[in-house]
Amino acid sequence: MNDATFRKFLINVHGVDVNFFRAAYGYLFSFLLVAAATLVCEFIRPYLVPTNMVMVYQLAVVIAAVKLGLRPAIATAFLGVLAFDFFFVPPRLTFSVADKEYLVTFTGFFVVGVIISSLVAKVREQSLEQIRLSRQAEKARVLQAQENLERALLNSISHDLRTPLVSITGALSALQEKSDRLSSQAKQELLETASDEAERLNRFVGNLLDMTRLEAGAMRLKIELCDVQELIGCALSAMESRLGNRTVSVLLPPGLMLIPLDMVLMTQVLVNLLDNANKYAPVTSAIEINASATSDWLVLTVADRGPGAPEAELTHLFDKFYHVQIPEKAGGTGLGLSICKGIVDAHGGKIVAKNREGGGLVVEIVLPVTAQSEDE
Amino acid sequence: MTGTQHSGSQHRILVIDDESAIRRFLHSALSSEEFNLHEAESGHSGLSAAAALRPDVILLDLGLPDMDGIEVIRRIREWSQVPIIILSVREREDDKVAALDAGADDYLSKPFGVGELLARIRVSLRRSLTQATEPVFTNDELRVDLNLRRVTLEGIEIQLTPTEYDLLRLLILHAGKVLTHRQILKRIWGVAHQEQPQVLRVTISNLRKKIERDPSRPRHITTEPGVGYRLKQSGQTV
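First to last, the sequence lines map onto chains A and B. Numbered per my numbering, the first sequence finishes at 376, counting up by one with no gaps. Numbered per my numbering, the second sequence finishes at 1238, counting up by one with no gaps.
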């Protein structure tokens, strides 16, 4: 017998064991019920005629039927007859019966016991079935909700993947097929469209991959002591072409310590926040980046003068695929902020959005200054 | 298509990438009077092409089907110092660092533009052709005279600590090329400090405060997150 079949064999043996013990437990319990009923009858024996003791045994049968199921209940009825006969029907402590009328009592008791057992068992099964059905319904409901969410995600994703592809394909086919009839300015515009949209597509795919990795728990942080100014510099440099001429002010306290964080991922967080601010805030308004630190926390904020968000929606901003109702042009996938939250959470930090005095949104990231013990 | 005549002034570029679409794009983007492009679609054929062609630059995709890209770098480095530029996707920072530490010269994150690609190729070519660096390095308002150990910003002399100067000098000697944290730490602080990037970060931060107009938007020393540092060169379109 090779190892695998041996293991299978053991499992089978084990499975048989479990069933066997469960059954044995049922019958053992019916035996104990009968014993208990016999003890009770022994106490009341001076006050009752034996025939009435059958009631006590019948109670044991009902208990067995409710608690243990059909077969142990029948066993209880059967044992009950034997015990009743042996201990209480004269001549006592033998199975012989002096008064043959007791045979009717025995038969009646046993038949009633079996009927009660099967009725109770049926009710019991029905209620079990009902529980199972309601569990199934609950499961189906959860599945449905999940399915709805997935469908929404899929719609959103396919929309965001396809839109840039439509522009790229369109621009390229125009250049390919109508090249001789296009002015050089038109060609230039088509090329710019295609290249901007390709960049957008690339960012979206990047976000999608980040999200997938976060969800799968596959995002490993590479924590190193980092310079906050350098971090901000990396984010600004990645955003350079998108920010264009927009003013971005950076305010850092002098002598800020090195902070343990994953440089690549935290750069992504700042890029996403800057991208959001850039999308929603008027072109002429400034974006402000601030950092401050206490002995325990680093606080990084990115603030804009955009429309902000309704108070009730502030906490939902970081939900996956959540869009604040904003004019169409901003677009975006609603993935950016949830990725930020995922990354900040992984750092043991917090991220919150607030409306600013005087209008606009400020997103605040709070990170621990001492390294979190990372469970690998 | 690659069989155009070899003229002496043309640089031979070997592309090792299994994606035919990427080879095709590189072919149309690079084939010119300046470059002569050769293609290989696997690690093994790339290695034999490298030996047969003796290219001036190799563009190597790290995700080859038959062999680990880092292994390709190691095998080439056994007998050649030809510049190797890696093509890799954004998320694989660790792979890039491993490839650079294994002897690759630079990397490009896919997707990349032709401008970026040409800049990398030119930096690599210049490095392999002229080993000696100009004694005076200038980039916009920054001027460093390596002979006199003199650093000026808009004509005003700047005092650097010996470590800051050594770091700046190392970056100048490799201007335009990325250096990993480990490579810098090893050369400036010695092997013992190889695993202590925070020393490097503090020195970079101090150096930037002295030579950058706005240290939050560095124009000279740029950070490649998760990989290392690069000193920008005037005229570099990156």
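We put the beta carbon where it would ideally sit given N, CA and C, even for glycine.
Check: Inter-residue spacing [alpha-carbon to alpha-carbon] between B/L1243 and A/H347; Outcome: Outside the displayed range of chain B (1001 to 1238) lies residue 1243 of chain B, so it cannot be described from this structure.
Check: Buried/exposed call for A/L301, threshold 16 Cβ in 10 Å; Outcome: It should be pointed out that residue 301 of chain A corresponds to Thr in this sequence rather than to Leu. The residue is buried, with at least 16 neighbouring Cβ atoms inside 10 Å.
Check: Opening and closing residue of the alpha helix (DSSP H) in which B/D1091 lies; Outcome: Looking at the sequence shown, residue 1091 of chain B is not Asp but Glu. First-last for B/E1091: undefined, no H or E at that position.
Check: Extent of the continuous beta strand (DSSP E) to which B/F1035 belongs; Outcome: F1035 to A1040
Check: Anticipated Cβ contact below 8 Å, A/A291 with A/P253, distance rounded; Outcome: 7 Å
Check: A/C340 and A/N278 closer than 7 Å at C-beta; Outcome: no
Check: Candidates A/I116, A/G336, A/L103 and A/V62: closest to A/T212 by CA position; Outcome: A/G336
Check: Local conformation of B/L1108 per DSSP, three classes; Outcome: strand
Check: Option in B/I1085, B/P1055, B/L1118 and B/S1109 with minimal Cα separation from B/S1028; Outcome: B/L1118
Check: Cβ neighbour criterion (16 or more within 10 Å) applied to B/K1209; Outcome: exposed
Check: Inside the stretch 233 to 292 of chain A only - beta strand (DSSP E) runs reaching at least 3 residues; Outcome: 248 to 251 and 259 to 261
Check: Under 8 Å from the C-beta of A/T267: neighbouring residues of chain B; Outcome: P1225
Check: Own chain, CB closer than 6 Å to B/P1225, minus 5 neighbours either side, in chain order; Outcome: none
Check: B/E1093 at chain A interface by Cβ criterion, 7 Å; Outcome: yes
Check: Extent of the continuous alpha helix (DSSP H) to which A/Y57 belongs; Outcome: P50 to L68
Check: Interface partners of B/S1205 on chain A, CB under 9 Å; Outcome: D227, Q229, E230 and L258
Check: A/S237 versus B/R1217 - alpha carbon distance; Outcome: 7 Å
Check: Straight-line gap, A/L39 to A/F106 (C-alpha atoms, nearest Å); Outcome: 19 Å
Check: Endpoints, the beta strand (DSSP E) within which B/F1137 is located; Outcome: V1136 to N1139
Check: Own chain residues within Cβ distance below 6 Å of A/V299, not counting five before or after; Outcome: S292 and V366
Check: Spatially closest choice to A/V166 from A/R305, A/E215, A/E197 and A/P307, by CA coordinates; Outcome: A/E197
Check: Coil, strand or helix - A/V302 by DSSP; Outcome: strand
Check: Whole-number beta carbon distance between B/L1062 and B/I1244, since they are thought to touch under 8 Å; Outcome: No statement about residue 1244 of chain B is possible, as the shown extent of chain B runs from 1001 to 1238 and does not include it.
Check: Unbroken alpha helix (DSSP H) run spanning B/D1166, endpoints; Outcome: P1162 to L1173
Check: Expected contact under 8 Å - CB spacing of B/V1252 and B/L1100 to nearest Å; Outcome: Look at the range of chain B in this structure, 1001 to 1238, and you will see that residue 1252 of chain B is not part of it.
Check: Closer than 7 Å at the beta carbon, the chain A residues around B/Q1198; Outcome: L225 and L258
Check: Closest by C-alpha distance to B/D1068, when choosing among B/I1016, B/V1057 and B/S1109; Outcome: B/I1016
Check: A/K354 (DSSP reduced to helix, strand or coil); Outcome: strand
Check: Selection of the stretch 1103 to 1117 of chain B by Cβ proximity to chain A, strictly under 7 Å; Outcome: P1111
Check: Against chain A: residues of the stretch 1146 to 1167 of chain B by CB proximity under 8 Å; Outcome: none
Check: Bridge-paired residues (DSSP) for A/C226; Outcome: A/I259
Check: Limits of the alpha helix (DSSP H) - the one that B/R1187 falls within; Outcome: H1181 to I1188
Check: 7 Å Cβ cutoff, B/S1216 in contact with chain A; Outcome: yes
Check: Cβ neighbours of A/G75 in the same chain (closer than 6 Å, five flanking residues each side left out); Outcome: A small fix is needed here, since residue 75 of chain A is Ala in this sequence, not Gly. Y27 and S30, listed in sequence order.
Check: Member of A/G80, A/E288, A/L79 and A/R356 whose CA lies at the smallest distance from the CA of A/P307; Outcome: A/R356
Check: Host beta strand (DSSP E) of B/D1061 (start-end); Outcome: V1057 to D1061
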